[in-house]
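Reading the sequence shown from the start, the letters are residues 178 to 284 in my numbering.
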Amino acid sequence: MEETTWNTIERIVAWIDESSTLPPETDKLLRVMKLSEEVGEVTQALIGVMGQNPRKGRTHRMEDVYDELSDVILTAMTALRSLTPDARKVFEARVEHIAQRALAPAG
Ligand SMILES: [Mg+2]
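Shown next as structure tokens:
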């Protein structure tokens, strides 16, 4: 079977499930909350690129921002897959929905 990003997410979720010691509902909540942490890391990296912390100066490169944004995407995919086995279908339907709305000819 071809290894796709969603297959990889599937394996990551199985691995996280195995190591979890929390009640399932708490665990799902935390996986969604983890997104906030990752979004914060994007902000931290951007501030670091712009040197906007006077005490620290420039601490990050744009590559760090790209990596942190990728973490956000991966964490969201992991959270979605933890909530529903239909994650891939849900996501693709959502992309299609947004595309139709955004790309529809103005009328
Ligand atoms: Mg991160």
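All residues carry an ideal CB built from backbone N, CA and C; glycine is no exception.
Keep in mind it's a predicted model, so treat the numbers as computed, not measured.
- Non-local beta-carbon contacts of residue 208 in its own chain, meaning distances under 7 Å to residues more than five positions away in sequence, involve 255, 256, 259 in chain order.
- For the set 231, 223, 270, the Cα lying nearest the Cα of residue 240 is the one of 223.
- In this chain, the alpha helix (DSSP H) harbouring residue 184 covers 182–196.
- If you draw a straight line from the Cα of residue 198 to the Cα of residue 282, it comes to about 50 Å.
- For residue 256, the enclosing alpha helix (DSSP H) covers residues 239–260.
- By the C-beta density criterion, residue 261 is exposed, having fewer than 16 other C-beta atoms within 10 angstroms.
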